[in-house]
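Step one of this worksheet: look at the structure below.
2 protein chains.
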Amino acid sequence: VVDARQIRKSYRMGEVVVEALKGVDVRIDHGEFTCIMGASGSGKSTLLNILGCLDRPTSGTFDLMGRSVDSMDDGELAEVRNRFIGFVFQTFNLLPRSSALQNVELPLIYARVPSRERRERAMAMLEKVGLASRAGHRPNQLSGGERQRVAIARALVTGPALLLADEPTGNLDSRTGRVIMDMFHSLHSEGNTILLVTHDPEIAREAGRILRIKDGLVESDTAN
Amino acid sequence: VVDARQIRKSYRMGEVVVEALKGVDVRIDHGEFTCIMGASGSGKSTLLNILGCLDRPTSGTFDLMGRSVDSMDDGELAEVRNRFIGFVFQTFNLLPRSSALQNVELPLIYARVPSRERRERAMAMLEKVGLASRAGHRPNQLSGGERQRVAIARALVTGPALLLADEPTGNLDSRTGRVIMDMFHSLHSEGNTILLVTHDPEIAREAGRILRIKDGLVESDTAN
Ligand SMILES: Nc1ncnc2c1ncn2[C@@H]1O[C@H](COP(=O)(O)OP(=O)(O)OP(=O)(O)O)[C@@H](O)[C@H]1O
Ligand SMILES: Nc1ncnc2c1ncn2[C@@H]1O[C@H](COP(=O)(O)OP(=O)(O)OP(=O)(O)O)[C@@H](O)[C@H]1O
Ligand SMILES: [Mg+2]
Ligand SMILES: [Mg+2]
Chain F
94 VVDARQIRKS YRMGEVVVEA LKGVDVRIDH GEFTCIMGAS GSGKSTLLNI
144 LGCLDRPTSG TFDLMGRSVD SMDDGELAEV RNRFIGFVFQ TFNLLPRSSA
194 LQNVELPLIY ARVPSRERRE RAMAMLEKVG LASRAGHRPN QLSGGERQRV
244 AIARALVTGP ALLLADEPTG NLDSRTGRVI MDMFHSLHSE GNTILLVTHD
294 PEIAREAGRI LRIKDGLVES DTAN
Chain W
94 VVDARQIRKS YRMGEVVVEA LKGVDVRIDH GEFTCIMGAS GSGKSTLLNI
144 LGCLDRPTSG TFDLMGRSVD SMDDGELAEV RNRFIGFVFQ TFNLLPRSSA
194 LQNVELPLIY ARVPSRERRE RAMAMLEKVG LASRAGHRPN QLSGGERQRV
244 AIARALVTGP ALLLADEPTG NLDSRTGRVI MDMFHSLHSE GNTILLVTHD
294 PEIAREAGRI LRIKDGLVES DTAN
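Quick mapping for you: the protein sequence lines, in order, are chains F and W. For the first sequence, the working numbering gives the first residue as 94, with consecutive numbering after it. For the second sequence, the working numbering gives the first residue as 94, with consecutive numbering after it.
The following block contains the structure:
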């Protein structure tokens with residue numbers, strides 16, 4: 094489902110060039126559950142953003158579900174993202190002036206789901222992450238872990254074929270983290286593909302495969 | 094150093110009142126190293142913000158280093174914060190248009206440290222958290238864990254008598270988290286007071302005392 098080759102990403106800052114990714118190959122088959130691990134600053138979020146069609150590599154090729162992403166324009170990318178991809182950002186990226194419920198409804202609005210069904214599905218997802226009583230709260234009226242769970246609910250609400258989650262349990266106690274991991278496993282058991290970035294070895298243990306990134310390169314890629 | 098009694102915090106949202114803290118007593122002596130744990134949404138950040146003089150309780154009394162905080166005006170609170178308190182926010186709260194170095198210098202500017210000494214001390218702190226090469230980057234040019242480390246460096250740069258840190262290792266791999274915990278222990282060994290919120294039981298194990306919060310109340314408060 095993901096076939097990325099020789100992915101490079103560099104940032105020019107005046108006279109200095111920061112090479113966040115230095116030639117990464119990632120191939121993920123349908124239905125795999127993979128964790129990405131690596132030190133802070135090693136390039137994990139940069140890689141995930143590229144695989145989630147939120148950013149373009151400086152060079153390299155990337156096919157998503159058999160189609161070349163490099164040849165798509167921004168409109169086509171947005172369409173692919175909405176139809177197939179759920180993304181949990183490391184910094185949540187919720188709409189600040191919308192409620193938790195409105196934030197979770199957003200992917201369903203893009204998918205043109207009728208408003209009553211949209212509201213029911215969004216509320217059901219908020220209930221699953223334990224936030225039914227917080228549906229009307231805006232992000233600045235929520236705790237850190239509540240915002241993280243709203244971001245997770247939003248990513249899961251369309252039942253995406255490919256879920257990309259950037260450190261999704263970092264702000265959660267272990268019981269709440271368990272609820273979230275069970276939801277990911279449930280999505281996985283329906284045949285979907287999961288790619289999780291985590292710093293937690295306990296979480297990584299639950300994946301079928303662990304990809305370790307070091308200094309912008311793949312250090313190891315092993316079945317779990 | 095901290096004597097807080099019957100702290101309540103409620104938020105009015107239309108007809109609903111959310112009681113984030115329902116009568117919490119916290120007493121912390123000079124030189125203690127305490128961890129606060131509890132489920133997502135239980136009230137930890139709300140409590141930490143009040144103890145760090147960043148927010149006021151709805152009711153209750155709070156003495157900091159023997160002085161009543163309730164009777165201070167905002168100017169006096171700001172002065173107390175700058176002189177005695179280092180605060181690591183759960184969401185980092187860095188100045189978006191300033192570099193990492195400028196962000197770390199900020200408490201030294203308030204403390205009227207001369208510019209050359211200020212720059213040297215801020216750079217030394219960035220080096221300790223492994224970010225010397227990122228000194229010129231703005232927050233949106235940094236990884237999640239790099240932003241967290243800048244927030245930590247800023248909180249530590251004045252060598253505060255009271256360090257309050259809200260989930261300071263949530264975005265860090267274990268090796269980088271170890272570096273940060275060693276810096277906290279070093280500050281502690283100089284006689285300073287540390288209050289850490291964490292979801293990580295491995296981190297909590299390193300404290301002298303664990304305070305568990307549940308639904309806005311203290312569930313337990315035990316020596317470690
Ligand atoms: N401005 C606000 N208005 C209404 N409710 C709020 C507001 N801020 C926080 N809350 C609620 O108060 C409760 C406690 O929030 P707090 O941020 O202290 O939780 P926490 O223990 O730090 O959680 P986490 O581990 O997820 O960071 C949460 O349930 C939250 O929804
Ligand atoms: N816009 C940018 N300009 C310059 N450098 C950048 C930019 N964005 C990221 N970087 C650098 O690229 C490197 C990789 O960043 P990335 O966010 O992928 O790291 P990460 O592995 O996700 O780290 P963490 O575990 O801390 O979240 C970092 O060292 C960071 O400083
Ligand atoms: Mg990251
Ligand atoms: Mg919190």
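Glycine residues also receive a C-beta, built at the ideal position from the N, C-alpha and C atoms.
Secondary structure note for W:A113: its beta strand (DSSP E) is the uninterrupted segment 109 to 121.
Each residue's CA atom was taken as its position, placing W:A248 and W:V311 some 26 Å apart. At a cut-off of 9 Å between C-beta atoms, F:L187 does not count as an interface residue with respect to chain W. Exclusion of the five residues before and after F:L194 leaves R212, A215, M216, L219, A228, G229 as the residues of its chain whose Cβ lies within less than 8 Å of its Cβ. Its Cα nearest to that of W:I178, the residue W:L256 stands out among W:L256, W:V243, W:V206, W:E108.
Excluding sequence positions up to five before and after F:R174, its CB lies within less than 6 Å of the CB of C146, all in the same chain and listed in chain order.
Annotated three-state conformation of W:E283 is coil, per DSSP. For W:D266, the chain F residues whose C-beta falls within less than 9 Å of its own C-beta are M130, G131, A132, S133, S135, H292, listed in chain order.
Short of 6 Å from the beta carbon of F:D314, and not among the five residues preceding or following it, lie these beta carbons of its own chain, in chain order: L304. Annotated three-state conformation of F:V272 is helix, per DSSP. Apart from sequence neighbours up to five positions away, the residues of its chain that approach W:D122 with a beta-carbon distance below 7 Å are V94, ordered along the chain. In this structure, F:T262 sits near F:I296, with a CB-CB distance shorter than 9 Å. In the three-state scheme derived from DSSP, where H, G and I count as helix and E and B as strand, F:G168 is classed as helix. Interface flag for W:D259 against chain F is set, since a Cβ pair is found closer than 9 Å. Spanning the alpha carbons of W:Q183 and W:D163 requires a straight line of approximately 24 Å. Assigned with DSSP and collapsed to three states, W:R205 falls in coil, not helix or strand. Between F:R98 and F:T154, the beta carbon gap of about 5 Å places them in contact (Cβ cut-off 8 Å). Just measuring C-alpha positions, the residue of F:V119, F:N196, F:P200, F:N285 sitting nearest F:E125 is F:N285. Excluding its 5 nearest sequence neighbours in each direction, W:D118 has C-beta neighbours in its own chain below 6 Å: R98, listed in chain order.
It is roughly 15 Å from the alpha-carbon of W:R149 to the alpha-carbon of W:R105.
At least one CB atom of chain W sits nearer than 9 Å to the CB of F:H230. Spatial neighbours of W:M274 in its own chain (CB-CB distance under 8 Å, excluding positions within 5 residues in sequence) are listed in chain order as T262, I296, E299. For W:F155, DSSP records a beta bridge to W:A97.
Assigned with DSSP and collapsed to three states, W:E312 falls in strand.
By the criterion of a C-beta distance shorter than 8 Å, W:A204 is surrounded in its chain by N175, R176, T251, once the five residues flanking it on both sides are discounted. Nearest CB-CB separation between W:E239 and chain F: below the 9 Å threshold.
Residue environment analysis places F:L188 among the exposed positions, since fewer than 16 neighbouring C-beta atoms fall within 10 angstroms of its C-beta. Bounds of the alpha helix (DSSP H) holding F:G238 are 237 to 249.
With a threshold of 9 Å between beta carbons, W:M106 makes contact with chain F. Ligand 3 never approaches W:E283 closely enough for any of its heavy atoms to be under 8 Å from the residue's Cβ. The beta carbon of F:T139 sits closer than 6 Å to the beta carbons of K102, A113, L114 from its chain, once the five residues preceding and following it are set aside; these are given in chain order. Judged by their CB atoms, F:G270 and W:G134 are not nearer to each other than the 9 Å cut-off.
Any heavy atom of ligand 1 within less than 6 Å of a residue's beta carbon puts that residue on the list, which reads F:R227, F:H230, F:Q234, F:L235, F:S236, F:G237, F:G238, F:E239, F:N264, W:Y104, W:M106, W:V111, W:A113, W:G131, W:S133, W:G134, W:S135, W:G136, W:K137, W:S138, W:T139, W:Q183. Closest in C-alpha terms to W:T127, from the list W:A225, W:D259, W:V111, W:D308, comes W:D259.
For W:G263, the chain F residues whose Cβ falls inside 7 Å of its Cβ are G263, N264, in order along the chain. According to the DSSP assignment, W:A258 belongs to the beta strand (DSSP E) that extends over 255 to 259.
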